[in-house]
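A.B. asks: Take this structure first; my questions come after.
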Amino acid sequence: MKKTTLLLALLCSVVSLAQSISGQATYMSKTTVDMDSWGDGRMSEDMKKQIAERMKSFLEKTFILTFNESQSIYKEEEKLEAGSGSRGWGMMMNSYSAGAQYKDISKNQILEEREFFGKQFLINDTITNLKWEITKDSRMIGQYMAIKAIGMKQVDPNDFSMARRRNRNNDENKEEAKDSTDTASAEDDPMSEIEVPKEVAVTAWFTPQIPVGTGPGEYGGLPGLILELNVDRTTILCSKIVMNPKEAEKIEAPKKGDEVSREEYNLIVKEKTEEMRENWRRGGGRRGGGRRGG
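Residue numbers (mature numbering (1 follows the signal peptide of the UniProt record, and there is no 0)): -18 to -1, 1 to 276.
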């Protein structure tokens, strides 16, 4: 009872502090991949280790969130590339991942930079906050008291950043796979081996000690800065916060790329993905050949 009263008092007492707040938060993002599910038992432990190491730069990243009481911008920290690595894998991963994300809470607007297979887009959309359920759970993250909130996120079917290997041991998924691929084998169409979940659980830990309704990426809508997020296989954890910094990146709306709505962008991704699948089938899959124009 005392703990609940303390949390409520903390929530109420910091509301007035939201005026003239600014800060910069550093987040470490890590996504796990179940290598065993992709190898069908044929991949050696050494091979799994090599692939995991190549994927590390795409699955472990550092981001900077610069924020004030109504605006924020979330960007990946700039770093020198350590070699080319797997260019094909990198291009694929980056094409389905967001670039800089700018939010203006006062206008309920989010602007998101995307580079999709070499072309720049600027998605102009409204902020869609989850229907959060704030729990009674709390813990310290660094020097801040954080409160747990949970919600469910609807996933766009073309968001391959959340793709996973289809569970073919499940009879229901077997039928779904058969219908969706028109009996195409994995060799003819490797994308028949993966699926995107319809929704994923999201767990957030926010601190009312920093009373801004934002957080990493698209997430926000809670009465305090989000310090930790768990979304599907990805964990995003705040490692450093500097409040009211003397020097910080200016928060400006991005302007790079062709401006499109979220619906228009999703349609572009869907059409390109279907084109890739069709070219793969016509080109004989792994057997090579067949780079077709278009």
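No residue lacks a Cβ here, since even glycine has one placed at the ideal position from N, Cα and C.
Keep in mind it's a predicted model, so treat the numbers as computed, not measured.
Whose C-beta lies closer than 8 Å to the C-beta of Thr189 among residues of the same chain, with five residues either side of it excluded?
C.D. replies: Ile123, Tyr126, Met127, Ala128, Ile129, Gly206, Leu207, Leu209
A.B. asks: Can you tell me whether Leu104 is buried or exposed? The criterion is at least 16 other CB atoms within 10 Å of its CB, across all chains shown.
C.D. replies: buried
A.B. asks: Within the same chain, show all residues whose beta-carbon is closer than 6 Å to that of Glu256, passing over the 5 residues directly before and after it, in chain order.
C.D. replies: none
A.B. asks: Tell me which residues share the same chain as residue 283 and place their Cβ nearer than 6 Å to its Cβ, disregarding the 5 neighbours each side in the sequence.
C.D. replies: Because the chain spans -18 through 276 in this model, residue 283 falls outside it and cannot be assessed.
A.B. asks: The beta strand (DSSP E) spanning Thr44 covers which residue range?
C.D. replies: 42 to 50
A.B. asks: Can you tell me where the beta strand (DSSP E) holding Trp187 begins and where it ends?
C.D. replies: 181 to 189
A.B. asks: For Asp86, which of Gly100, Glu59, Asn50 has the nearest alpha-carbon?
C.D. replies: Asn50
A.B. asks: Is Ile46 near Val194, with beta carbons less than 7 Å apart?
C.D. replies: no
A.B. asks: Would Val184 pass as a contact of Met144 if the rule is Cβ separation under 7 Å?
C.D. replies: no
A.B. asks: May I ask which residues mark the beginning and end of the beta strand (DSSP E) holding Ile116?
C.D. replies: 115 to 123
A.B. asks: Are the CB atoms of Gln44 and Arg215 nearer to each other than 7 Å?
C.D. replies: For the sequence presented, residue 44 should be read as Thr rather than Gln. No, the Cβ-Cβ distance between Thr44 and Arg215 is not below 7 Å.
A.B. asks: Note down, in chain order, each residue of its chain lying with its Cβ closer than 8 Å to the Cβ of Thr108, except the 5 sequence neighbours on either side.
C.D. replies: Asn90, Gln91, Ile92
A.B. asks: With DSSP run on the structure shown, which of helix, strand or coil describes Asp28?
C.D. replies: helix
A.B. asks: Pick out whichever of Glu245, Thr8, Met29, Val15 has its Cα sitting closest to the Cα of Pro139.
C.D. replies: When each option's Cα is compared against that of Pro139, the closest is Glu245.
A.B. asks: Using the C-alpha atoms, what's the distance from Met134 back to Lys113?
C.D. replies: 7 Å
A.B. asks: In the DSSP output, which residue or residues are listed as bridge partners for Ala128?
C.D. replies: Arg121
A.B. asks: Could you tell me the alpha carbon to alpha carbon distance between Asp240 and Glu42, rounded to whole angstroms?
C.D. replies: 28 Å
A.B. asks: If you compare alpha carbons, which of Gln191, Ile116, Glu253 is closest to Gly5?
C.D. replies: Gln191
A.B. asks: Judging by CA-CA distance, which residue of Ile233, Arg96, Thr196 is the nearest neighbour of Asp141?
C.D. replies: Taking the Cα of Asp141 as reference, the smallest distance to any Cα among Ile233, Arg96, Thr196 is reached at Arg96.
A.B. asks: If you reduce the DSSP assignment to three classes, tell me which class Ile223 lands in.
C.D. replies: strand
A.B. asks: Kindly list the residues whose CB is nearer than 6 Å to the CB of Asp161, restricted to its own chain and excluding five residues on each side of it in sequence; keep chain order.
C.D. replies: Its pLDDT being 46, under 50, Asp161 is placed unreliably in this model, and the coordinates cannot settle the point.
A.B. asks: Thinking C-beta only, is Asn106 closer than 7 Å to Gly203?
C.D. replies: no
A.B. asks: Starting from Lys101, trace the beta strand (DSSP E) in both directions and tell me its first and last residue.
C.D. replies: Boundaries of the beta strand (DSSP E) around Lys101: 101 to 108.
A.B. asks: Could you tell me the boundaries of the alpha helix (DSSP H) in which residue 304 lies?
C.D. replies: Limits of the chain in this structure are -18 at one end and 276 at the other, which puts residue 304 out of reach.
A.B. asks: Exposed or buried, which one is Gln53 when buried takes at least 16 other CB atoms within 10 Å?
C.D. replies: buried
A.B. asks: Excluding the 5 residues preceding and the 5 following Val182 in the sequence, name in chain order all residues of the same chain whose CB lies nearer than 8 Å to its CB.
C.D. replies: Met134, Lys135, Val137, Met144, Val213, Asp214
A.B. asks: Checking 7 Å against the spacing of the C-beta atoms, do Lys57 and Ala82 come in under that value?
C.D. replies: yes
A.B. asks: For Ala183 and chain D, any beta-carbon pair shorter than 7 Å?
C.D. replies: In the structure shown, chain D cannot be found, because there is only a single protein chain.
A.B. asks: Is it the case that the Cβ atoms of Thr48 and Ala186 are separated by a distance below 7 Å?
C.D. replies: With contacts defined by Cβ atoms closer than 7 Å, Thr48 and Ala186 do not form a contacting pair.
A.B. asks: Here's the rule: buried if 16 or more other CB atoms are within 10 angstroms of the residue's CB, otherwise exposed. What is Thr196?
C.D. replies: buried
A.B. asks: What residues in its chain sit with their C-beta under 6 Å from that of Glu115, if we drop five residues either side in the sequence?
C.D. replies: Ile132
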